[in-house]
Amino acid sequence: MAKKKSAIPTAAPSKKTATKKAATSDFKPVASNRKAFFDYEILERYEAGLLLTGTEIKSIRAGKIDLSDCYARAQDGEMWLHNAYIAPYDAASVNNHDPKRSRKLLLHRSEIQEIASTTAEKGLTLVALRVYIKRHVAKVELGLARGKRQYDKRRA
């Protein structure tokens with residue numbers, strides 16, 4: 002007589018290995034501020050989360066965001082992103098968002114204090130360099146920047 006095969010597999014279970022390649026494949030660039038690299042000398046970079054509404058994240062995932070003339074500023078111990086244009090979501094009805102509103106940035110308190118003191122002392126500014134999706138969360142890369150003179154821009 003032939004033996005019946007059991008429903009339980011007898012092979013050794015496969016091992017799950019987490020690689021850096023798998024982690025970086027979750028990274029999806031959405032928008033970049035190329036003019037910032039031309040107008041400013043980027044001294045230091047920070048990664049911050051964005052506090053968004055539902056229609057804003059849907060527009061960002063569709064790539065409808067403009068970062069030109071976008072900057073961040075510390076106010077009352079919080080970091081805010083100003084002048085970022087996120088287009089209204091087409092499928093939304095009455096509950097759409099304001100495209101030019103200021104958005105809160107999510108940073109550690111120590112990073113906010115460090116950035117606020119540096120921008121106040123040295124006259125630097127914090128510009129948005131790019132927006133991307135990392136592990137299903139919208140992130141913005143900020144650059145601590147010094148403005149270039151007109152003759153410096155020729156070399157950029």
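The opening residue of the sequence shown carries number 2 in the working numbering; numbering runs sequentially from there. C-beta: ideal position from N, C-alpha, C; glycine also. All values derive from a computational prediction rather than experimental measurement.
8 Å contact criterion, which residue i and residue j should meet: CB distance rounded
{"i": "Ala73", "j": "Leu143", "result": "6 Å"}
Among the options, nearest to residue i - alpha-carbon criterion
{"i": "Leu52", "options": "Asp77, Leu106, Ser111", "result": "Leu106"}
{"i": "Gln151", "options": "Asp40, Thr120, Arg62", "result": "Asp40"}
{"i": "Met80", "options": "Lys101, Leu108, His98", "result": "Leu108"}
Inter-residue spacing [alpha-carbon to alpha-carbon] between residue i and residue j
{"i": "Thr33", "j": "Leu68", "result": "Inspection of the sequence shows that residue 33 is occupied by Ser rather than by Thr. Those two C-alpha atoms are separated by around 7 Å."}
{"i": "Leu82", "j": "Lys140", "result": "12 Å"}
{"i": "Ser118", "j": "Phe38", "result": "23 Å"}
{"i": "Arg35", "j": "Glu42", "result": "12 Å"}
{"i": "Ala75", "j": "Ala85", "result": "16 Å"}
Boundaries of the beta strand (DSSP E) in which residue i is found, first to last residue
{"i": "Lys105", "result": "104-107"}
{"i": "Lys135", "result": "126-135"}
{"i": "Arg110", "result": "Looking at the DSSP string, Arg110 is not in any beta strand (DSSP E); the run it does join, the alpha helix (DSSP H), is 110-123."}
Nonlocal neighbours in the same chain, by C-beta distance under 7 Å from residue i, ignoring five residues either side
{"i": "Arg136", "result": "Asp27"}
{"i": "Thr59", "result": "The amino acid at residue 59 is misidentified as Thr; the sequence shows Lys. Only Tyr90 meet the Cβ criterion."}
Neighbourhood of residue i by C-beta, 6 Å cutoff - its chain only, sequence neighbours within 5 removed
{"i": "Lys65", "result": "Ala88"}
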